[in-house]
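Participant:
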Amino acid sequence: MKITVETKLESFQFPGFPEETVLTAGLAAGYSLPYECATGTCGTCHARVMDGPIDAGWTDAPGYAKLNREKGDILMCQARPLGDCSLRVRSNTAQPKELTPAAIKRIGRIENTRRLTGDVIHFEVALPSPMSFDAGQFVTCQVASLAGRRAYSMVNFGKNLERLHFVVKRKPTGKFSDWLFENHVDGAEIEIVGPLGRATFRPGEERDVICIAGGSGIAGMMSILEHASQMHYFHRHRGRVFFGVRTLADAFYLEDFAKHIASANGGLEVTVATSHEQVATPLHPQFSSIGIASGMVHEVAAASMTDQWNNAIGFVAGPQPMVDATLRVLIAEAGLRTDSIRFDKFS
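In the UniProt record's numbering, the protein residues as written are 1 to 347.
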């Protein structure tokens, strides 16, 4: 079957499959369809069905509350074609000249789960076929026992990887995080769709890097650091990482940070910001190469960036209030342009 998409500028077609969402099919064909969360939360991927049969998918997705279902509005990240169909998208969508790794569906298996702190868990997914992705990208995940998809950034980086690493923070209403924490999930099947996301590290830009993240939002930043370390990027560019947690005991991946700092030849600085604890010294007691400071992570970053960073690319991840506050800091204090700040909207 064929899916036809009409935009303000053009019309194009790509193959559709009943077991695959419209968004996944379009991205796999190389078209930059609009999306952000890819989980049904934000509503960015909305389109209107002009003709043909469509299964709307998870109709309880939060993003559907923002749409006019009676007029045929759908979320492309949820809807699946049931035959040839035609959709209208408002954005100026186009096929990119340089394709990023194609987003495809894989059925993986969860392995090597381990607690990093009392409410943070690390796990790996063994893939049936290798996957390449850009540092900073994410996938959507779904398990059979839970409705809806969740988006998680990869912690690791590489080409043709057979294993993806993830970190999840337990949330009071998080059904997936509850499932991870309350069950023995090693060996469980998990559906992965990706890679997704445009908030990526592009070494060819040859610019300094600022990473500001809260909690499990550090995942994509770890992937960026891994890529940068592999190519000695911080030997010729500066890097600053600000990692926000409640207390020092809530910090994790400290050994990995120390490894990246040691390999950076003085080009990388990492600071852990504690929002609910006053720290007595400026350096971590076990990892002396890592700085520590008290305060909200965006406030610590603002106080630290007293020199010129207007040549930098900023990466931001975390809870939405933290992201909003950090964007203001990067623009006002670091002098970054809005098009030099990259982040994906998760919920």
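Even for Gly, the Cβ is constructed at its ideal location relative to N, Cα and C.
From this set, 51, 47, 117 and 53, which residue's C-alpha is nearest residue 66's C-alpha?
Facilitator: Locating residue 66 in the sequence shown gives position 66, counting from the first residue. Out of 51, 47, 117 and 53, the CA that lies nearest to the CA of residue 66 is found in 47.
Participant: Between the segment 119-136 and the segment 157-169, are three or more C-beta pairs nearer than 8 Å?
Facilitator: yes
Participant: Can we say the segment 174-189 touches the segment 271-286, given the rule of at least three CB pairs closer than 8 Å?
Facilitator: When C-beta atoms of the segment 174-189 are compared with those of the segment 271-286, fewer than three pairs fall below 8 Å, so the two segments do not count as touching.
Participant: May I have the straight-line CA-CA distance separating residue 131 from residue 32, to the nearest angstrom?
Facilitator: Position 131 of the sequence shown, counted from the start, is the residue given in the question as residue 131. Position 32 of the sequence shown, counted from the start, is the residue given in the question as residue 32. In a straight line, the C-alpha of residue 131 is about 19 Å away from that of residue 32.
Participant: Using CA coordinates, which residue listed in 53, 10, 44 and 17 is at the minimum distance from residue 197?
Facilitator: As a working mapping, residue 197 is identified with position 197 in the sequence shown. Selected option, being the one with the closest Cα: 44.
Participant: If residue 212 and residue 316 are in contact, beta carbons under 8 Å, what's the gap, nearest whole angstrom?
Facilitator: By 1-based counting over the sequence shown, the position of residue 212 is 212. By 1-based counting over the sequence shown, the position of residue 316 is 316. That pair is a contact at about 5 Å.
Participant: Hey, residue 87 and residue 53: beta-carbon distance below 8 Å or not?
Facilitator: Counting from 1 along the sequence shown, the entry for residue 87 is found at position 87. Counting from 1 along the sequence shown, the entry for residue 53 is found at position 53. Not closer than 8 Å, so no.
Participant: For the segment 144-155 against the segment 233-241, do three or more pairs of beta-carbon atoms, one drawn from each stretch, fall closer than 8 Å, so that the two count as touching?
Facilitator: The segment 144-155, when compared against the segment 233-241, does not touch it at the 8 Å Cβ threshold.
Participant: Measure from the alpha carbon of residue 16 to the alpha carbon of each residue in 261, 85 and 234, then state which is nearest.
Facilitator: If you number the sequence shown from 1, residue 16 lands on position 16. Checking every option, the nearest Cα to that of residue 16 belongs to 85.
Participant: Classify residue 349 as helix, strand or coil using the three-state DSSP reduction.
Facilitator: The displayed coordinates of the chain run from 1 to 347. Any statement about residue 349 would go beyond what the structure contains.
Participant: Between the segment 184-195 and the segment 217-232, do three or more beta carbon pairs fall short of 8 Å?
Facilitator: no
Participant: By the 10 Å Cβ neighbour count, where 16 or more other Cβ atoms means buried, how is residue 308 classified, buried or exposed?
Facilitator: The sequence position of residue 308 within the sequence shown is 308, counting from 1. Classification for residue 308: exposed.
Participant: Quick one: using the 10 Å Cβ neighbour count with 16 as the cut-off for buried, is residue 195 buried or exposed?
Facilitator: Numbered from 1 along the sequence shown, position 195 holds the residue referred to as residue 195. When all chains shown are included, residue 195 counts as buried.
Participant: Using the Cα positions of residue 297 and residue 35, report the straight-line distance between them to the nearest angstrom.
Facilitator: Position 297 of the sequence shown, counted from the first residue, corresponds to residue 297. Position 35 of the sequence shown, counted from the first residue, corresponds to residue 35. C-alpha separation (whole angstroms): 27 Å.
Participant: Confirm, please, whether the CB-CB distance from residue 40 to residue 61 is below 8 Å.
Facilitator: Your numbering for residue 61 matches position 61 in the sequence shown. Your numbering for residue 40 matches position 40 in the sequence shown. Going by C-beta atoms, residue 61 is nearer than 8 Å to residue 40.
Participant: In this structure, does DSSP put residue 249 in helix, strand or coil?
Facilitator: On the sequence shown, residue 249 is found 249 positions in, with the first residue counted as 1. Annotated three-state conformation of residue 249 is helix, per DSSP.
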